[in-house]
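*Asks:* All residue numbers for the sequence shown refer to the working numbering, where the first residue is 235 and numbers rise by one. All C-beta atoms in this analysis are idealised placements derived from N, C-alpha and C, irrespective of residue type, glycine included. Below is a structure I'd like to ask you about.
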Amino acid sequence: MLSHYEIAGGDRLIIAFDEIRHLIPSYIFNEYGQLTGNYVHYSQIVCESGDGRIKIWLDQEAFDEKDPDRLICDYAESDLRGY
Numbered sequence: 235m236l237s238h239y240e241i242a243g244g245d246r247l248i249i250a251f252d253e254i255r256h257l258i259p260s261y262i263f264n265e266y267g268q269l270t271g272n273y274v275h276y277s278q279i280v281c282e283s284g285d286g287r288i289k290i291w292l293d294q295e296a297f298d299e300k301d302p303d304r305l306i307c308d309y310a311e312s313d314l315r316g317y
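Below, the structure written as C-alpha cells:
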C-alpha cells in the first residue's frame, strides 16, 4: 500500500509497514502493547512518512483521529533509514 496525501500544506506519504518493519526492533511493539493494553496487529498498522519523520499508528482509526495514545512510535526518518 502506498498513497500520497496532503495535510495542512505539508505532504504526507502512507508507506507499507513491510517496507520498514525490519528497521524497528520487535520489542517496541511488545512494550507498547504491555504499557497500553492495546494488542498490535501487524496487518492493521498504518505508517506515515512526512516532515522527516516516520510515525507508526496502531490502526487506521488511530491514524485518522491522530490519537497520541495509539501512536506506537515516532522516529526521525534519517535515524531509521540511516541517511
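Going by DSSP, what residues sit across from Y330 in a beta bridge?
*Replies:* The structure shown has nothing for residue 330, since the chain only spans 235 to 317.
*Asks:* By alpha-carbon positions, which one of V274, D313, I258, D252 ends up nearest to R304?
*Replies:* Measuring from the Cα of R304, the nearest candidate turns out to be V274.
*Asks:* Closer than 6 Å by C-beta to A296: which residues in its own chain qualify, once you throw out the five before and the five after it? Chain order, please.
*Replies:* Excluding residues within five positions, the ones whose Cβ falls inside 6 Å are R304.
*Asks:* Quick one: grab the DSSP three-state call for S260.
*Replies:* It is coil, neither helix nor strand.
*Asks:* If we count the other Cβ atoms within 10 Å of its Cβ and call it buried at 16 or more, is A242 buried or exposed?
*Replies:* Bear in mind that a pLDDT of 42 at A242, under 50, signals an unreliable position, so the number given afterwards is only what the model happens to contain. By the 10 Å Cβ count, A242 comes out exposed.
*Asks:* Out of Y276, S312, I288, state which residue places its alpha-carbon closest to the alpha-carbon of N264.
*Replies:* Looking at the Cα atoms, Y276 is the closest of the given residues.
*Asks:* Near Q294, what residues of its chain come up, given a Cβ to Cβ distance below 6 Å and the 5 sequence neighbours on each side ignored?
*Replies:* Result list for Q294: V280, in chain order.
*Asks:* Taking the alpha-carbon positions, what's the L255 to E299 distance?
*Replies:* Note that residue 255 is Arg in the sequence shown, not Leu. Each residue's alpha carbon lies about 23 Å from the other.
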